[in-house]
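Chains as they are written, first to last, in the numbering used here: chain A, 124 to 335; chain B, 535 to 855.
Set out below in C-alpha cells:
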C-alpha cells in the first residue's frame, strides 16, 4: 500500500498560513451545524432492540417461572463471572435440574451479551432498559425473583407478546442458522438471516427511519 | 465633588467590565461548544444564560484553601496583583470620544507597563505555590511574557510613528474616522506581529504554555481554588479585553464606524472588541498548543525582526512622503 502524504506547501502557502486557514474554516463551518448533543434527562434516547441493558430472566407463561434448564453455559461463558447458579437434582425427577438460585451481579457485568447468545432456551436476556441505577450495591445484585420481575416490567412497558417477541441478544444478526440449537432458530424476518441479512452499517441505515 | 464623580465612573466601568468578563466565559463556552458540535451550558436559565452568575456564586462561597507549604503572603498577593494590573489598564482606554477615565499622554506605554506587571502575578503565583507544576508554569510565563512583550511593543511603534502620539484617543483621531484611514492597511505587518504577540501576552491558545493542562495540570494556578482561582480567571479575561481594545484602537479606528450612533457612541468600539474576542475564542477552538522551543523561536527569530523591519519601513516611508 502506498501512503499518500500531503503535498509539500510552497512558499506562498507557508506565508499565508494556508493550513491554519483550513483549520479555522473547518471550525467556523461547524459553528453553524446542529449540535449532536442529546439533552438527556429532558430528551430520551431512541434505544433500539438489541441494546444490551438491564438483565432479565424470561418468565415462561406456562410454568410462571424461568425457562432456565441449568446447563451452566452462561456461567461458563461470562467473562466477568457475574452469574451464579445453584441447581438441585431430585431423584424422583431423574436427571432434570431444578434452579434454586439464579444470581447476577449487575455491577460486575460488562454487558457483552454472551450469556443471552449462548443460552439454548433463550432464558436470559439483556433488555433495552438502561436507567436503573441505585444508591446501594445490594439492589443491583439481582436474584431470580428480581430478574423475573425485570422481565415482567419490561414486557409490560414494551406492550408485546412473548410469542412474537425476539431479541437480537438471543440470536445476533448475521449468524448462520445451521449450528444453532433448536431453541434459537426463532422465526425472524428475512433481513436477520441468510443472504438477505442486514448487518453493521447497512442495518444502521435501514433503521434510520424506523423507531427501533 | 470631581473626585466623587470620578469614583462613580470607576465603579461603573469596573461593574460593566466584570459583567462583561462573566459573560465572556459564557460566550466562550457556547462558541467552543458549538464549534465542537456540542451545546455548551444549557441548564441554568434559558440556554444557560445564568451560568456565569452561578459559577461566580459557587466560586465565591467555596472554601478558601491555602495549602500548608505555600508562601502565604505571595500566595495571597499573586491573584490580586494579576487582576489589579489588568484592571488598571482599563483606565486609559477610550471607549468613545471623551469616554475615558484618564486621558493621559502615555496611554500606550501605560498599557504595556500594566500588562507586564500582570505577568508578575503569574510568576509570583508559580513561585509562592511551592509546587513543581506551578513553578514550571510560572517560569514559562516569565520567559513568554518577556519575549513577547518586546514584539508587542515594537509592533506598535509603527502606529506611534504614524499618529505621532502615545495618547490612545489621539491615535484613534489620527486614523480620521474613515475606513481607508484605519492603520490596519499601512501597518498590516505590524498587525500580524501584534496579533500573535497579543495571543501570547494573554496566555491564550496556542500560546497557553503557562497553564498547559496536558503537561502541567493547570500551570501556575494548580494550587489555587475558589475565589482566588476565579480572580486569575478574571485577570485573564480582562487581559483579553484590554488587548482586544488595544488592537481595536491602534489598528481598527477605535470608536469610529460607518455612522454615528446616538446615546451610545461606544457601539462600534464594543462591536470591534467583540469581533476580536470571537477570534480569540475561535483560535482556541481550533489550534493545538505550540511546543516551548517553537514558541521562543517564533518570538525571537520571526516576530521581533519583523517588527523591527516594519519600524524601519514605516519611518522611511514617513520621511520620504
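Positions of the beta carbon are idealized from the N, C-alpha and C atoms, including for glycine.
Exposure label - residue i; buried when at least 16 CB within 10 Å
i: residue 663 of chain B; result: buried
i: residue 857 of chain B; result: Outside the displayed range of chain B (535 to 855) lies residue 857 of chain B, so it cannot be described from this structure.
i: residue 136 of chain A; result: exposed
i: residue 125 of chain A; result: exposed
i: residue 836 of chain B; result: exposed
i: residue 773 of chain B; result: buried
i: residue 540 of chain B; result: exposed
i: residue 586 of chain B; result: buried
i: residue 655 of chain B; result: buried
i: residue 568 of chain B; result: buried
i: residue 855 of chain B; result: exposed
i: residue 850 of chain B; result: exposed
i: residue 744 of chain B; result: buried
i: residue 683 of chain B; result: buried
i: residue 580 of chain B; result: exposed
i: residue 797 of chain B; result: exposed
i: residue 628 of chain B; result: buried
i: residue 613 of chain B; result: buried
i: residue 832 of chain B; result: buried
i: residue 709 of chain B; result: buried
i: residue 257 of chain A; result: exposed
Beta-carbon neighbours of residue i, restricted to chain A and to distances below 8 Å
i: residue 819 of chain B; result: 150
Chain-ordered chain B contacts of residue i [CB-CB under 9 Å]
i: residue 132 of chain A; result: Those within 9 Å of residue 132 of chain A in chain B number zero; the least Cβ separation is about 17 Å.
i: residue 136 of chain A; result: Those within 9 Å of residue 136 of chain A in chain B number zero; the least Cβ separation is about 16 Å.
Three-state secondary structure (DSSP) of residue i
i: residue 221 of chain A; result: strand
i: residue 228 of chain A; result: strand
i: residue 210 of chain A; result: strand
i: residue 797 of chain B; result: coil
i: residue 260 of chain A; result: coil
i: residue 818 of chain B; result: helix
i: residue 265 of chain A; result: strand
i: residue 189 of chain A; result: strand
i: residue 179 of chain A; result: strand
i: residue 248 of chain A; result: strand
i: residue 127 of chain A; result: coil
i: residue 203 of chain A; result: coil
i: residue 335 of chain A; result: Its pLDDT being 42, under 50, residue 335 of chain A is placed unreliably by the model, and the measurement read from it follows with that caveat. If DSSP states are grouped into helix, strand and coil, residue 335 of chain A belongs with coil.
i: residue 716 of chain B; result: coil
i: residue 563 of chain B; result: helix
i: residue 195 of chain A; result: coil
i: residue 294 of chain A; result: coil
i: residue 755 of chain B; result: helix
i: residue 161 of chain A; result: coil
i: residue 237 of chain A; result: helix
i: residue 254 of chain A; result: coil
i: residue 276 of chain A; result: helix
i: residue 147 of chain A; result: helix
i: residue 586 of chain B; result: helix
i: residue 597 of chain B; result: coil
Chain-ordered neighbours of residue i on chain B, where CB pairs are closer than 8 Å
i: residue 158 of chain A; result: 567, 568, 571, 572 and 573
i: residue 162 of chain A; result: 573 and 576
Proximal residues of chain A, C-beta to C-beta of residue i below 9 Å
i: residue 816 of chain B; result: 147, 150, 151 and 154
Residues that residue i contacts on chain A, provided the C-beta gap is smaller than 7 Å
i: residue 716 of chain B; result: Simply none; closest approach about 21 Å.
Closer than 7 Å at the beta carbon, the chain B residues around residue i
i: residue 167 of chain A; result: Neighbours of residue 167 of chain A on chain B: none; closest Cβ ~16 Å, over 7 Å.
Same chain only: Cβ atoms within 8 Å of residue i, ignoring 5 sequence neighbours per side
i: residue 218 of chain A; result: 212
i: residue 178 of chain A; result: 227, 229, 232, 247, 248, 249, 250, 265, 270 and 273
i: residue 677 of chain B; result: 830
i: residue 127 of chain A; result: none
i: residue 557 of chain B; result: 586
Spatial neighbours of residue i in its chain, beta-carbon cut-off 6 Å, leaving aside the 5 residues before and after
i: residue 820 of chain B; result: none
i: residue 764 of chain B; result: 593
i: residue 668 of chain B; result: 660, 754, 756 and 757
i: residue 173 of chain A; result: 291
i: residue 860 of chain B; result: Outside the modelled stretch of chain B, which goes from 535 to 855, sits residue 860 of chain B, for which no answer is possible.
i: residue 636 of chain B; result: 625 and 626
i: residue 573 of chain B; result: 567
i: residue 151 of chain A; result: none
7 Å Cβ shell around residue i - same chain, five flanking residues per side excluded
i: residue 692 of chain B; result: 721, 724, 844, 845 and 848
i: residue 335 of chain A; result: Annotation note: pLDDT 42 at residue 335 of chain A (below 50); position unreliable, coordinate value reported separately. So the qualifying residues of the chain are 171 and 172.
i: residue 737 of chain B; result: 675, 744, 745 and 770
i: residue 688 of chain B; result: 838, 841, 842 and 845
Residue i Cβ short of 7 Å to the ligand MG heavy atom set
i: residue 602 of chain B; result: The ligand MG is not among the ligands present in this structure, which contains no ligands whatsoever.
(request) Enumerate, from N- to C-terminal direction, the unbroken alpha helix (DSSP H) stretches of 4 or more residues contained entirely within the segment 609-692 of chain B. (result) Inside the segment 609-692 of chain B, DSSP marks whole alpha helix (DSSP H) runs of 4 or more residues at positions 641-662, from first to last along the chain.
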